[in-house]
Amino acid sequence: MSIGLIALLDDIAGIAKVAAASLDDVAAQAAKAGVKAAGVVIDDAAVTPRYVVGFAAERELPIVGRIALGSLRNKLLFLLPAALALGAFAPWAITPLLMLGGAYLCYEGAEKVYEALFPHAGHADDTPRDAAGDGRAMEDRKVSGAIKTDFILSAEIMAITLAALPDGGVATKAAVMALVAVGITAFVYGAVALIVKADDAGLAMAASTSTSAFGSVTRALGRGIVTGMPPFLALLAIVGTAAMIWVGGGILVH
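Numbering (this note's numbering), first residue to last: 925 to 1178.
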């Protein structure tokens, strides 16, 4: 009886070691795949804040939350199963699709550069016109547009992730891709939430009434945040565009 129990415990310990090794392998593969998708992630973080422009401060985080849930739905319910099916039944199609996605990223990046160099009035009145309409309808349109844009970027992220994975079981690939999807979504939209609320935090800090030295530092820091956010967002957009072109070009070259 005791020998059988010891043997059973030994088997359980062996299974636990294998499971732990598998989890470590999943985490390592997810980290490597996430690094390869970093350029698209940066662009995703750069694109999203513009969707909350023009809304009341109390609606900014709920809007970001709705977009984040839509992004998770895109990745986990649609793109992950599609990518796994593609890898299982038509692996030859992964490279052409990656190249198509890379070309699209280059096109989008080039379009942003062109619009920056040769701005036109076509988009100048989008926000005022929307702001005059119903607030809830405008929010729904903005969220819908953001989720559609996210679908394209998420498709590229999942395709890059799938291509970066070594040959292995479907369960391991699914676990890695799900981990990448959740991790990237949490990182991107967590960063977006911090970005869109940074100016509010800066205003609150700048309005501090404390007369201590700490209060003076807080007010100065708050003013710095408020002053620095517009150029920071502009820089983030530039970095996102550069990352988009870099990732797209890298996909086409390799």
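All residues carry an ideal CB built from backbone N, CA and C; glycine is no exception.
{"Item": "With DSSP collapsed to three states, give me the class of G1146.", "Value": "helix"}
{"Item": "In angstroms, rounded to a whole number, what distance separates the CA positions of Y1038 and E1032?", "Value": "10 Å"}
{"Item": "Going by CA-CA distance only, name the one from E1080, L1029, Y1113 that's closest to F1002.", "Value": "E1080"}
{"Item": "Once you ignore the five residues that flank D1123 on each side, which residues in its own chain have a CB closer than 8 Å to its CB?", "Value": "I1149, V1150, M1153"}
{"Item": "Counting C-beta neighbours from all protein chains within 10 Å, is the total for D1074 16 or more, i.e. buried, or is it exposed?", "Value": "buried"}
{"Item": "How is T1133 classed by DSSP in three states: helix, strand or coil?", "Value": "coil"}
{"Item": "Just to check my reading of the structure: L1145 and M1168 have Cβ atoms closer than 8 Å, yes? What is that Cβ distance to the nearest angstrom?", "Value": "In fact, because the Cβ distance is near 32 Å, the residues do not count as touching under 8 Å."}
{"Item": "Of all the options P1015, A992, F979, P1005, which has the alpha carbon lying nearest to the alpha carbon of D1091?", "Value": "P1015"}
{"Item": "Determine the direct distance from the alpha carbon of G1059 to that of L1077, and round the result to whole angstroms.", "Value": "27 Å"}
{"Item": "If you count every other CB in all the chains shown that lies within 10 Å of the CB of T1135, and 16 or more means buried, which is it?", "Value": "exposed"}
{"Item": "Where does P1043 sit, in a helix, a strand or coil, going by DSSP?", "Value": "coil"}
{"Item": "Output yes or no for whether 9 Å exceeds the beta carbon distance between P1005 and I1119.", "Value": "no"}
{"Item": "Just mark V1116 as buried or exposed, buried being the case when its beta carbon has 16 or more other beta carbons within 10 Å.", "Value": "buried"}
{"Item": "Would you identify the three-state DSSP class for P1090, choosing helix, strand or coil?", "Value": "coil"}
{"Item": "Exposed or buried, what is F1141 when buried is set at 16 or more other beta-carbons lying within 10 Å of its beta-carbon?", "Value": "One detail in the question is off: residue 1141 reads as Val in this sequence, not Phe. Exposed, by the Cβ-count rule."}
{"Item": "Just to confirm, are A1007 and M1082 a CB contact at a threshold of 9 Å?", "Value": "yes"}
{"Item": "Tell me the rounded alpha-carbon separation between K999 and G1139.", "Value": "45 Å"}
{"Item": "May I ask you to verify whether the region 984 to 994 touches the region 1064 to 1072, counting CB pairs closer than 8 Å and requiring at least 3?", "Value": "yes"}
{"Item": "Of the residues W1170, L1159, I1175, G1173, which one's Cα is nearest the Cα of A1040?", "Value": "L1159"}
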